[in-house]
Amino acid sequence: FFRLEPDRTLATKRLAGRKVNKERISIALCANADGSHKLKPLIIGKFEKPRCFKNIKIQFMPMTYHNNAKAWMITSLFQEWIWEFDHQVGLKHQGQRVLLLLDNCSSHKLDGLTLRYTDVYFLPPNTTSKIQPMDAGVIMSFKRHYRRSHVRLLLRYVEVDNRAEDLRMDILQAIRFIIQAWGELNPEVVRNC
């Protein structure tokens with residue numbers, strides 16, 4: 001929920017009477033084990049060309065955008081992403097192979113796809129977050145950075161006598177927050193996970 005506002009006040013009370021925004025995007029994040037190299041986030045939205053992309057050259061932004069009806073990772077998107085990942089590994093590491101750890105999401109299917117520079121290891125089903133590096137703190141830290149940017153936007157909006165409910169954050173703003181949050185994520189967070 002990229003537009004989801006805080007559900008608690010500073011006094012940690014639940015805010016009543018708020019309608020939850022259910023508009024979604026999916027984000028795929030990938031980094032090497034020591035955090036020194038973070039790939040561009042893969043962002044999946046519902047629409048091929050949202051109105052907010054008009055006059056914006058998103059191909060020059062440090063992210064990759066795709067779409068499908070439910071804004072979910074699907075097998076064809078995953079296969080396109082992993083093929084590009086393998087190609088980039090070949091260019092960057094001059095033929096050395098890398099190990100890619102993946103969870104067992106139903107869309108993570110190789111289906112005969114041949115990778116030249118990438119060995120893929122699928123974690124067992126129902127694996128605890130303790131051995132899933134991204135789930136062990138990277139995603140939580142990323143979300144914290146994202147939410148901080150979102151709350152700052154809300155505060156700036158309210159400071160000029162507007163109501164936070166009237167702010168319509170679009171997917172382009174969410175993408176900017178995603179890029180910023182991923183960039184701010186300290187490599188040490190990845191290393192410690």
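Residue 80 in UniProt numbering sits at position 80 of the sequence shown; the count goes up by one each step and never skips.
Backbone N, C-alpha and C define an ideal beta-carbon position, used for all residues, glycine too.
**Q.** Bridge partner(s) assigned by DSSP for residue 28
**A.** Translated into positions along the sequence shown, residue 28 becomes position 28. Its beta-bridge partners are 42.
Q) Do residue 27 and residue 43 have their C-beta atoms closer together than 8 Å? A) Start at 1 with the first residue of the sequence shown, and residue 27 comes out as number 27. Start at 1 with the first residue of the sequence shown, and residue 43 comes out as number 43. Yes, the Cβ-Cβ distance between residue 27 and residue 43 is below 8 Å.
Q: Could you check which residue in 24, 176, 30 and 48 has the C-alpha nearest to that of residue 191?
A: In the sequence shown, residue 191 corresponds to position 191, counting from 1. The option with the nearest alpha carbon to residue 191 is 30.
Q. If residue 178 sits next to residue 146, beta carbons under 8 Å apart, how far is it from one beta carbon to the other, in whole angstroms?
A. Residue mapping note: residue 178 aligns to position 178 of the sequence shown, counting from 1. Residue mapping note: residue 146 aligns to position 146 of the sequence shown, counting from 1. Yes, they are in contact, since the Cβ atoms of residue 178 and residue 146 sit about 6 Å apart, within 8 Å.
Q.
In whole angstroms, give me the CA-to-CA distance for residue 132 and residue 67.
A. Here the question's residue 132 lines up with position 132 in the sequence shown. Here the question's residue 67 lines up with position 67 in the sequence shown. Roughly 26 Å between the two C-alpha positions.
Q) Quick one: is residue 99 buried, meaning 16 or more other Cβ sit within 10 Å of its Cβ, or exposed? A) Residue numbering aside, residue 99 sits at position 99 when the sequence shown is read from its first letter. When all chains shown are included, residue 99 counts as exposed.
Q | Element boundaries [beta strand (DSSP E), containing residue 119] | A | Start at 1 with the first residue of the sequence shown, and residue 119 comes out as number 119. Unbroken beta strand (DSSP E) run through residue 119: 118-122.
Q.
Tell me the rounded alpha-carbon separation between residue 171 and residue 24.
A. For the purposes of this step, residue 171 is taken as the residue at position 171 of the sequence shown. For the purposes of this step, residue 24 is taken as the residue at position 24 of the sequence shown. The alpha-carbon atoms of residue 171 and residue 24 are separated by roughly 9 Å.
Q) Between the Cα of residue 144 and the Cα atoms of 181, 51, 45 and 159, which residue gives the shortest distance? A) Here residue 144 is taken as the residue at index 144 of the sequence shown, counted from 1. Looking at the Cα atoms, 181 is the closest of the given residues.
Q. Do residue 117 and residue 89 come within 8 Å of each other at the CB atom, strictly closer than that value?
A. As a working note, residue 89 is residue 89 in the sequence shown. As a working note, residue 117 is residue 117 in the sequence shown. For residue 89 and residue 117, yes; Cβs fall inside 8 Å.
Q) Under a Cβ-count criterion, where at least 16 other Cβ atoms within 10 Å of its own Cβ denotes burial, should residue 112 be classed as buried or exposed? A) In the sequence shown, counting from the first residue as 1, residue 112 sits at position 112. That one is exposed.
Q: Tell me whether residue 128 sits in a helix, a strand or coil according to DSSP, three-state version.
A: Reading the sequence shown from its first residue, position 128 is the one you call residue 128. Residue 128 falls in the coil class under three-state DSSP.
Q) Is residue 154 near the ligand SAH, with its Cβ less than 7 Å from a heavy atom? A) Annotation note on the ligand SAH: not contained in the displayed structure, which lists no ligands.
Q: Measuring alpha carbon to alpha carbon, tell me which of 114, 139, 51 and 173 ends up nearest residue 82.
A: Counted from its first residue, the sequence shown places residue 82 at position 82. Among 114, 139, 51 and 173, the Cα nearest to that of residue 82 belongs to 114.
**Q.** Three-state secondary structure assigned by DSSP to residue 98
**A.** In the sequence shown, counting from the first residue as 1, residue 98 sits at position 98. Reduced to three states, the DSSP call for residue 98 is strand.
Q. Exposed or buried, which one is residue 41 when buried takes at least 16 other CB atoms within 10 Å?
A. Taking the first residue of the sequence shown as 1, we reach residue 41 at position 41. When all chains shown are included, residue 41 counts as buried.
Q.
Would residue 105 and residue 134 be called neighbours here (beta carbons separated by less than 8 Å)?
A. Here residue 105 refers to the residue found at position 105 when the sequence shown is read from its first residue. Here residue 134 refers to the residue found at position 134 when the sequence shown is read from its first residue. The beta carbons of residue 105 and residue 134 sit no closer together than 8 Å.
Q.
Do residue 69 and residue 45 have their beta-carbon atoms positioned less than 8 Å apart in this structure?
A. Taking the first residue of the sequence shown as 1, we reach residue 45 at position 45. Taking the first residue of the sequence shown as 1, we reach residue 69 at position 69. No, the Cβ-Cβ distance between residue 45 and residue 69 is not below 8 Å.
Q) So, helix, strand or coil for residue 37, using DSSP? A) Counted from its first residue, the sequence shown places residue 37 at position 37. Three-state DSSP puts residue 37 in coil, outside helix and strand.
Q) Is the Cβ-Cβ distance between residue 93 and residue 102 less than 8 Å? A) Reading the sequence shown from its first residue, position 93 is the one you call residue 93. Reading the sequence shown from its first residue, position 102 is the one you call residue 102. Going by C-beta atoms, residue 93 is not nearer than 8 Å to residue 102.
Q) Short check: CB of residue 185 to CB of residue 141, under 8 Å? A) By 1-based counting over the sequence shown, the position of residue 185 is 185. By 1-based counting over the sequence shown, the position of residue 141 is 141. Going by C-beta atoms, residue 185 is nearer than 8 Å to residue 141.
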